[in-house]
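If you count by mature numbering (1 follows the signal peptide of the UniProt record, and there is no 0), then the sequence shown holds residues -42 to -1, 1 to 393, one letter each, in order.
See structure below.
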Amino acid sequence: MKQRGRHRRRRRGRALRAALTGAALALTGAATLISASQATVADDPGALEPLTSAAATDALRLTEHRVPSPWLDRLSAAMGEPVGVDTVLDSADHTLRDSADCATGDREALPVSPAATRAYCWEDDDTEGWRPGAVTTSGDADEDGRWGPHRVILSAWSRDDGTPESGLARVSFVDADDPDHLGYTSALLAVPVDGGHNYRGLASPVSGMVWYQDKLLVTTGAGDRDALYVYDVDRIQRATTDVDAVGRVPGGWAADGHPYVLPAVASYRLSGAQDAARPVAISLDRGTAPDSLVASERVPADGDRPTRLWRYAFGTEPDRTGLPAVDSTGHVDAVEAYETGAAEVGGVLSHRPAGAERTDWYLGRAAGGHDGRGTLWRQDTEGARATECGADRSQRCWSGQAGSLSYWAQTGEVWSQSGRMLFALPLASIEDALD
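Next up, the structure:
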């Protein structure tokens, strides 16, 4: 279970290093301003349109399926006592590199405006054949921004190397206590099968992820009818062999060579509606009562319909920590929903400024492919505005792959990931760029 610890004091000189890093990243962004300014201006998605009809909201409904407790207990009995996040962080066997030590090609994935103030790249050997996905932090997990004594960043990856193992998903646990040294290790995402006598790999790309209380919620790809899977960070299991297999093998338990495996504890299935909305990007909003899970689907640029944005309320019952609220039939209904003209949405964030009556929705829009730059929009029911850059005030200023957005309230930072770059920037700098 979670044990709270005292906040560590910041080291002297860290503020100066952060300022120097921010300046270096700004110069990196400036180097690509010319190519960004030559891009065409993105289409204005207009104001958010509320969705209120029963038919529209029924398409957003999910149905909960819990993994039976005996299955999880049986798996733990066979694999050994589960471990927690602290144990995983203590065994970090890889290190993120500071932006200054990253390849120029990797740094080009960073946004131009507003510029990242902190950025890191992953080890090449560890990420080769893996596609980056979503990001969440201990700022989502707990109101104090820590998990026990630690600041933690979680990054999802999907295997994409053309092998039979393609489609497997993992989560990297990053120890972010010291911004100058970010160590990490990874756990494979799995699903219990055969009554808890075995498990299979999740086998689905992860594009959205939220760590809330003791649960980790992740989105899945279009081939899976379950739109969300849920993992318990207090139920991390150790793998006992590093062979490239998944599940029970002769002599022990394998996790595709990873030291840990996370078995799912629940999943949420899409409604049977023909126009059921699949959440692709998700994030946490602590500005609602109760806290809520924000979601967006992804409609291609040549799609013939608007994109839907919505939120689910989290439950408040003590025996349902970290899970969405359900009705008596196990359904999860959206408590708020909108349509937007934005396409290719890869990241979504909802935030109410202090003292304001409105809620701002931030949408990271991909470039429509893997080349060029995306856009970052702020929308509400009155209209929309994008960040701009270059002499021609181009709106193609964001990262091209437009990864997920995660707001760390205690630091005021928004975290995201594009290509092999993990980066952060103050929400205030996004507001400055917009206003």
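Backbone N, C-alpha and C fix where the C-beta goes; we use that ideal spot for every residue, glycine too.
The Cβ atoms of ALA114 and MET37 lie no closer than 8 Å to each other.
In terms of Cα proximity to THR15, the closest of LEU228, GLU389, LEU380 and SER364 is LEU228. Secondary structure in the region 68 to 151: the beta strand (DSSP E) runs of 3 residues or longer, each lying completely within the stretch, are 76 to 79, 88 to 95, 110 to 117, 127 to 133 and 141 to 151 in chain order. Here ARG263 has VAL257 as same chain residues with Cβ atoms under 8 Å from its own Cβ, once five neighbours each way along the sequence are excluded. Residue pairing by DSSP puts TRP366 in a beta bridge opposite GLU371.
Between the region 24 to 31 and the region 141 to 160 there are three or more inter-stretch CB-CB distances shorter than 8 Å, so the stretches are counted as touching. Per DSSP, the unbroken beta strand (DSSP E) holding ILE240 starts and ends at 239 to 243. The continuous beta strand (DSSP E) containing GLU297 extends over residues 292 to 298. Here ALA271 carries a strand assignment [DSSP, helix/strand/coil]. Closest in C-alpha terms to VAL303, from the list ALA312, GLY313 and LEU267, comes LEU267. Across the structure, ALA325 and ARG343 are spaced so that their CA atoms are roughly 17 Å apart. Around the beta carbon of ALA61, fewer than 16 other beta carbons lie within 10 angstroms, which makes this residue exposed. Nearest neighbour of GLY63 by Cα position, chosen from LEU363, GLY330 and GLY361, turns out to be GLY330. In the structure shown, PRO276 falls within a helical segment according to DSSP collapsed to helix, strand and coil. For ALA235, the closest alpha carbon among the candidates TYR226, GLY154 and ASP243 is that of TYR226. Within its own chain, the residues whose Cβ lies closer than 7 Å to the Cβ of ASP2, once the five positions on either side in sequence are excluded, are ALA342, listed in chain order.
Taken through DSSP and simplified to helix, strand or coil, ALA344 comes out as strand. For TRP319, the enclosing beta strand (DSSP E) stretches over residues 318 to 323. Shown here, GLY230 sits in coil according to DSSP, grouped into three states, outside any helix or strand. Annotation for SER387: the continuous alpha helix (DSSP H) segment containing it runs 385 to 392. Considering only LEU242, LEU392, GLU346 and THR298, the residue with the shortest C-alpha distance to ASP100 is LEU242. The region 280 to 293 and the region 302 to 317 do not touch, with fewer than 3 CB-CB distances between them shorter than 8 Å.
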